[in-house]
Ligand SMILES: Cc1cc2nc3c(=O)[nH]c(=O)nc-3n(C[C@H](O)[C@H](O)[C@H](O)COP(=O)(O)O)c2cc1C
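In our numbering, the protein residues as written are 28 to 601.
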């Protein structure tokens, strides 16, 4: 409105629409209420038309049903109290919920580039699908990476490549006290429980492991009948809930453990200390998901929350952890026993090494899980900002074992976004003896990264307990894909090793990989990720994080002795 003397006055909203009841009476005329108004008016008009029998009864009745349903939905939207957007935009705001629902699919199908997509970019997923289906896994034209960008990495090849290895690579896992060492593939299925994955997904993975001669980790939810159906090698994981080997009160039950561990299908036993995606955090399977079957498999009560505490009750100090390892080895008649963890405080791992030296007991293997690893469900803060990323954690564990003179007794497994042969080769160069993949094998079974694992509405039936959804997985076909993905990936690894002029995966070292730290500076992994000399930690004190951690670590506690340097506290806490 132009006020007298040419002054422009802006109306306040209350003035524009009227105040009090008037404001509400005018609402139906506002555009955001248009759909509701039209539906209501149409319902009235069409009802009158139907009652007065004006003809075209079928068409009118059909339209009346549609308008009446929309009117009811609209009125419900205005009155409900949960969603503000529906109260303000009745009917039309449902479109927003629909688009939100299909946003991941829209992004994936229409807008995602080959190097986009998280956590796994499109081309990483594609290579798994292609290798699983034995489709052509080659690319045309040249790399899409900007090779001069920081963080670009490459394998240094040889001018005299070796011939391709004929035999699939395997390693023997089992230290001096193990009487049933396991000859493991270099690439295995990482821990995922029945419960987080469907029965058909577990069946496909295990049958694939059987076909390809590699190992399948049960996850902490115990050994289910679906793990046993096809007889693929199993690594039995024991978490803090001791599922499958627990007393009624939730403590570790040695007799129940011995019974399960005697199964020849179980090749190794892995104590889960922590998981990269949520280290230091326990887990809960909600009571609604604890069916009679799952309760029976885990040894808990059906319908009640199934809790994995954040810490173990079977041991509280490094010395007790090693006594527990020795006990599991005795109870399993000498099978390899190890633990899986995501490194946190460096002195805690050093404390375990000091306990190893003090007692002479060593785990047969350690699996290092990076913070970039996957999970069925975890709090965002934990997923994004707790735990050490794989490369740093792996280098630390490898270096500490070398420095403590224990490396030759303990094998190291690595997991955390390892999908391609390059990922495996890089982990081997940083100190791993073998690698595990969880989500990579989920892709091989058909996972499309819809990220619905926690909702029980997995679109491909991989991570759900809904029987109608998991019927989508045809086990024999998917098992073939799991085996093919494994085989083709190891074939690609053999090609990389030959190209580097090597004959064995164990020959890969930090000297074979180059990292671009900035556009004009590169360094080999050997310069970037420093490793101690054999036995160096035992030879007296030197400056550096590992030496300081070693200094404060004590075998009888995970707590450090009094910290000496404030700088160390800062570095360790970072
Ligand atoms: C659906 C799902 C379930 C998992 N369940 C377990 C589990 O029971 N125990 C465990 O130690 N790790 C579990 N993990 C973590 C994986 O074993 C692995 O450590 C991590 O995902 C890193 O591998 P990735 O990056 O190849 O997925 C799970 C991961 C996923 C995706």
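Just so you know, even glycine gets a beta-carbon here, dropped at the ideal spot from N, CA and C. Only a predicted model underlies this, so the values are computations on that prediction, with no experimental measurement involved.
- Looking only at 103, 165, 64, 256, the smallest Cα-Cα distance to residue 502 is reached by 256.
- Around the C-beta of residue 450, 16 or more other C-beta atoms lie within 10 Å, and the residue is accordingly described as buried.
- When the alpha-carbon of residue 354 is set against those of 298, 385, 332, the nearest one is in 298.
- Residue 295 is classed as buried because its beta carbon has at least 16 other beta carbons within 10 Å across all chains shown.
- Taking all protein chains shown into account, residue 453 has 16 or more neighbouring C-beta atoms within 10 Å of its C-beta and is therefore buried.
- Annotation: residue 467 to residue 153 spans about 11 Å, alpha carbon to alpha carbon.
- Going by beta carbons, residue 512 and residue 236 fall outside the 7 Å limit.
- Residue 393 sits in a strand when the DSSP states are folded into three classes.
- Scanning the segment 40-125 from its first residue to its last, the whole alpha helix (DSSP H) runs of 4-plus residues come out as 40-44, 48-52, 61-78, 84-106, 111-115.
- With a cut-off of 6 Å, the C-beta of residue 396 is classified as near ligand 1, since at least one heavy atom of the ligand falls inside that distance.
- The beta carbon of residue 455 sits closer than 7 Å to those of 532, 535, all from its chain and outside the five residues before and after it, given in chain order.
- Pairwise C-beta distances place the segment 264-283 in contact with the segment 306-326, as three or more of them are shorter than 8 Å.
- Between residue 57 and residue 126, the alpha-carbon positions lie close to 24 Å from each other.
- When the alpha-carbon of residue 244 is set against those of 302, 463, 417, the nearest one is in 463.
- Assigned with DSSP and collapsed to three states, residue 236 falls in helix.
- Straight across, the Cα-Cα distance linking residue 61 with residue 119 is about 9 Å.
- Ligand 1 never approaches residue 305 closely enough for any of its heavy atoms to be under 6 Å from the residue's Cβ.
- The residue from 193, 388, 110 with its alpha-carbon nearest to that of residue 519 is 193.
- The beta carbon of residue 161 sits closer than 6 Å to the beta carbons of 511 from its chain, once the five residues preceding and following it are set aside; these are given in chain order.
- The Cβ atoms of residue 541 and residue 181 lie closer than 7 Å to each other.
- The secondary-structure analysis by DSSP pairs residue 543 across a beta bridge with 549.
- Ligand 1 never approaches residue 369 closely enough for any of its heavy atoms to be under 6 Å from the residue's Cβ.
- In the DSSP assignment, residue 584 forms a beta bridge with 581.
- In the DSSP annotation of this structure, residue 156 is not part of any beta strand (DSSP E); the continuous alpha helix (DSSP H) holding it starts and ends at 149-160.
- Excluding the 5 residues flanking it on each side, residue 226 has same chain C-beta neighbours closer than 6 Å at 253, in chain order.
- Going by C-alpha positions, residue 460 is about 6 Å away from residue 440.
- Looking at the DSSP output, residue 295 bridges to 262.
- Remark: three or more beta-carbon pairs, one from each stretch, lie closer than 8 Å, so the segment 421-439 and the segment 551-567 are flagged as touching.
- In the three-state reduction of the DSSP assignment, residue 429 falls in the helix class.
- The Cβ atoms of residue 291 and residue 414 lie no closer than 7 Å to each other.
- At a threshold of 6 Å, residue 219 counts as near ligand 1, since its beta carbon sits closer than that to one of the ligand's heavy atoms.
- Where residue 485 is concerned, there is no enclosing beta strand (DSSP E), because DSSP gives it neither an H nor an E.
- Annotated three-state conformation of residue 243 is strand, per DSSP.
- For residue 368, the enclosing beta strand (DSSP E) begins and ends at 364-368.
- Contact between residue 325 and residue 271 holds, since their C-beta atoms are separated by about 7 Å, short of 8 Å.
- Nearest Cα to residue 131 within the set 582, 186, 485, 206: 485.
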